[in-house]
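Colleague: Before I ask anything, let me first share the structure, which is written out below as structure tokens.
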Amino acid sequence: MSRIAATFERLAESEEGAYIPYVCCGDRGVGFTGELVRRLSRAGADVIELGLPFSDPMADGPTIQAAMVRSLSSGFRVAKLFDLISQARSDGVDTPIVVMTYYNPILRMGLDTFCKRLAEAGADGILPVDLPVEESGDLERIASAHELDVIRLVSPTTDDERMAQILQSANGFVYAVSISGVTGQRDSLPHSAIALLKRLREKSGLPVALGFGISNQEQVRQAMAAGASGVVEGSALINIYARGLGDEDGALDLVEEHARGMKDSARAARQRPG
Amino acid sequence: MSAKGYFGGFGGFYVPEVLVASLKELEREYQRISRTAEFEAELQSMLKDYAGRPTPLYYARSLSDRVGGARIFLKREDLAHTGSHKINNAIGQALLAKRMGRSRVICETGAGQHGVATATACALLDLECEVYMGETDVERQRLNCYRMNLLGAKINVVKSGSRTLKDSINEAMRDYAATSEDTHYLLGSIVGPHPYPTIVRDFQSVIGVETKEQMARMTGGLPDALVACVGGGSNSIGLFHPFIDDEQVQMFGAEAAGDGIETGKHCASVVVGEEGVLHGSRTLILQDDDGQVSETSSVAAGLDYPAVGPEHAHLSTSNRAKYFGVTDQEAVLAFHLLSEAEGIIPALESAHAIHLATKIAREFSKDQSIVVCLSGRGDKDVAQIAKLEGRL
């Protein structure tokens, strides 16, 4: 069983929701990303998504775009992603790690080399943002050979027939996109998210993580109540550490404290009767 | 082309899941609507009565004499309404949007020609119009910005990335992902995910279809060669496509070599790009070793794009068409040459094609003929060139 599957199994047994933070690699420096990963793991993150910066992030809103630009303009290279994961593993971080990336950097390195290096570094899954099920045969085959889960995205506009097709090739967990649009912090959970979670619950036995727009504990409770197995949070974390800049430790403390609160909500939400 | 929108090994459908449903609907609706006699009749009547088609095919005697060699014919897309070939696709897609029940149209623009054409079609068909345009392009194409405003369009200035065409496409895609229920994304070139490369090519093929008829009338046969500039590649594919099966017709694409290919400041994605995925399409891209898309440079904003339509990638790798880089300096010389020789001021984009055509014409004999797509007129570029030459 993959580390991701084992994590969700454990969470299901203890009736906990998963908290999945997203971190943009190399924003504020690779060292800062490494420290973020350690802090998030310590705060109880169940899976960590590592975002690989890309020059043309079509699916991302302004916050993550800006983080990617900062990372790339400070000299981030793809090779540092593998180093970062290896380092986290040798530092004792055993939280499952999923790499969220656009397809071109994978294609450029070569699917086999990319997956091999990811697996060797200690990653558990890969989430290709712009690779729909129609185009993903090669990556699925190669990722599976390296025992990497391919995480699939499902959106509110994904119809039933397509959802079935996507779920068939999904493993690890399913990433439910809360809204038709791009990443970015939003205050409440849109109706489209609730409806999508209901449909996914009826169709799939896989754990479902809800992402895009997640930033507060109330949303976590709403998502869990609507049937999510967990939540993904990205832009909001970037906004939080942006507030503490100038004091790196302070910024990390803010993120860790916030993450603990989010995890507490995810834990409690699923334990409520009914 | 396969069902998935592939041209050989290029093209396809590399988009975030949120865009899939809208693009599939667009594909379905395009297949349904564009095949109806009613749509075809409306499109033809608008192209004729509104856009001024067919555009002339003009034998440029003076230019041909100066160059020496093959006879050079100009396909006068610069004489189409709004001053470039962009109107062909804008009208086609705006009609499609209307019939799909959309009330709002968004588009990207580089030089501003596609933005102006889209704003025009939207004004005519009473559609709300928003144009994404990079900050860098807004600065170098002020006149076109004002034209779009006159036509009732709103310009959204894009300040992300390199602030040019590629970033405008990213922003338009983001908008479309959130708004596709009431919005049509009117993409202006043969780039992007399926079905765009096919839709835009179909609407631009009128250029080549007319050229074929006009050549037959004027010379009694086919041209020996076709030349067009290639940014994303819409005017060139429009000219080339109806001739693809006529194997004796050679095809040449002029890419922007900017300061020179060797300087790295250019956008010659077919000439030196490598396979990758950008804006939803597998194609040839200017990129670094990590797969990050390169910043590009050209005196012609409309060519300033780091990739190329997948059909051109296929035409190049299958050796059906050949592509060459033309530098800024060569394009500016051709801009002057055509103005002086023929009294036609070409768009800087089209000036790249003129330069390449003069080179090729010299290698051909006097009884051979070359058609150059004069994709746009140069009024928009006059201020920029005057400034460049210190006359303004």
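Going down the list, the sequences are from chains A and B. Numbering-wise, this note's numbering puts 272 at position 272 of the first sequence, and it's gapless, one number per residue. Whatever position you read off the second sequence (first residue = 1), add 274 for this note's numbering. Cβ coordinates follow ideal geometry from the N, Cα and C atoms, glycine included. From a predicted model like this one, the values you see are computed outputs, not experimental measurements.
(1) Quick check on DSSP: helix, strand or coil for R350 of chain B?
(2) Taking all protein chains shown into account, decide if S276 of chain B is buried (16 or more other Cβ within 10 angstroms of its Cβ) or exposed.
(3) Using three-state DSSP, classify H458 of chain B as helix, strand or coil.
(4) Kindly indicate if chain A contains any beta-carbon less than 8 Å away from that of R564 of chain B.
(5) Interface residues of chain B around E135 of chain A at Cβ under 7 Å?
(6) Where are the beta strand (DSSP E) runs, 3 residues long or more, that stay fully inside the stretch 413 to 492 of chain B, in chain order?
(7) Keeping to the same chain, check which residues put their C-beta closer than 7 Å to that of D562 of chain B; ignore five residues upstream and five downstream.
(8) Given this structure, state the Cα-to-Cα distance separating R378 of chain B from M320 of chain B, to the nearest angstrom.
(9) Does F32 of chain A come within less than 8 Å of chain B when only Cβ atoms are used?
(10) Counting only the same chain and skipping the five closest in sequence on each side, list residues whose C-beta sits under 7 Å from that of V230 of chain B.
(11) Would you kindly work out how many angstroms separate the C-alpha atoms of T33 of chain A and M262 of chain A, rounded to a whole number?
(12) Shortest alpha-carbon distance to L139 of chain A belongs to which of A:A121, A:S41 and A:N104?
(13) Determine the burial state of S169 of chain A: buried for a count of at least 16 other Cβ atoms within 10 Å of its Cβ, exposed for fewer.
(14) Check I179 of chain A in the structure and name its three-state DSSP category.
(15) Does any residue of chain B have a CB that is nearer than 8 Å to the CB of R108 of chain A?
(16) Is it a yes or a no for the stretch 82 to 94 of chain A touching the stretch 573 to 591 of chain B, going by three-plus beta-carbon pairs under 8 Å?
(17) Closer than 8 Å, CB to CB, is R70 of chain A near chain B or not?
(18) Of the choices B:T537, B:G435, B:I644 and B:E604, whose alpha-carbon is the least far from that of T493 of chain B?
(19) Taking the beta carbon of Y470 of chain B as the centre, do at least 16 other beta carbons fall within 10 Å, making it buried, or is it exposed?
(20) Select from B:D564, B:L513, B:S572 and B:Q566 the residue whose C-alpha is nearest the C-alpha of A542 of chain B.
(21) According to DSSP, simplified to helix, strand and coil, what is C396 of chain B?
(22) State the Cα-Cα distance for the pair F287 of chain B and E585 of chain B, rounded to the nearest angstrom.
(23) Looking at the ligand ADP, does it come within less than 7 Å of G482 of chain B, judged from the CB to the closest heavy atom?
(24) Mind listing which residues of the stretch 78 to 91 of chain A have their C-beta closer than 9 Å to chain B's C-betas, in chain order?
(25) Under 8 Å by Cβ, that's how I've got L81 of chain A and C25 of chain A pegged, so tell me the actual separation to the nearest angstrom.
(26) Would the stretch 490 to 506 of chain B count as touching the stretch 624 to 636 of chain B if we require 3 or more Cβ pairs under 8 Å?
(27) Could you have a look at L370 of chain B and say whether DSSP puts it in helix, strand or coil?
(28) Whose C-alpha, out of B:M407, B:D520, B:A605 and B:L369, is nearest the C-alpha of A446 of chain B?
(29) Can you list the residues of chain B that Y103 of chain A reaches, using a CB-CB cut of under 8 Å?
(30) Taking the beta carbon of G565 of chain B as the centre, do at least 16 other beta carbons fall within 10 Å, making it buried, or is it exposed?
(31) Helix, strand or coil: which one does DSSP assign to D130 of chain A?
(32) Mind listing, in chain order, the continuous beta strand (DSSP E) runs of no fewer than 3 residues lying wholly within the stretch 492 to 552 of chain B?
(33) Taking 8 Å as the threshold (C-beta atoms), are L111 of chain A and I142 of chain A in contact?
(34) Helix, strand or coil for S555 of chain B per DSSP?
(35) Cβ atoms of L552 of chain B and D56 of chain A: under 8 Å apart, would you say?
(36) Kindly list the residues whose CB is nearer than 6 Å to the CB of L153 of chain A, restricted to its own chain and excluding five residues on each side of it in sequence; keep chain order.
Modeller: This is what the structure gives:
(1) strand
(2) Legend: pLDDT at S276 of chain B = 44, less than 50; position of this residue unreliable, value from coordinates given subsequently. So S276 of chain B ends up on the exposed side.
(3) strand
(4) Here residue 564 of chain B is Asp; the residue named in the question, Arg, does not match the sequence. Yes, D564 of chain B counts as interfacial toward chain A.
(5) G286, F287 and Y288
(6) 428 to 432 and 457 to 459
(7) S568
(8) 20 Å
(9) no
(10) Residue coverage of chain B in this structure runs from 275 to 666, which leaves residue 230 of chain B outside it and unanswerable.
(11) 19 Å
(12) A:N104
(13) exposed
(14) coil
(15) yes
(16) no
(17) no
(18) B:I644
(19) buried
(20) B:S572
(21) helix
(22) 14 Å
(23) Of the ligands one can find in the structure shown there are none, so the ligand ADP has no counterpart to examine.
(24) V78 and A79
(25) 6 Å
(26) yes
(27) helix
(28) B:M407
(29) Y288 and V551
(30) buried
(31) coil
(32) 499 to 504, 524 to 532 and 548 to 552
(33) yes
(34) strand
(35) yes
(36) Y175 and V177
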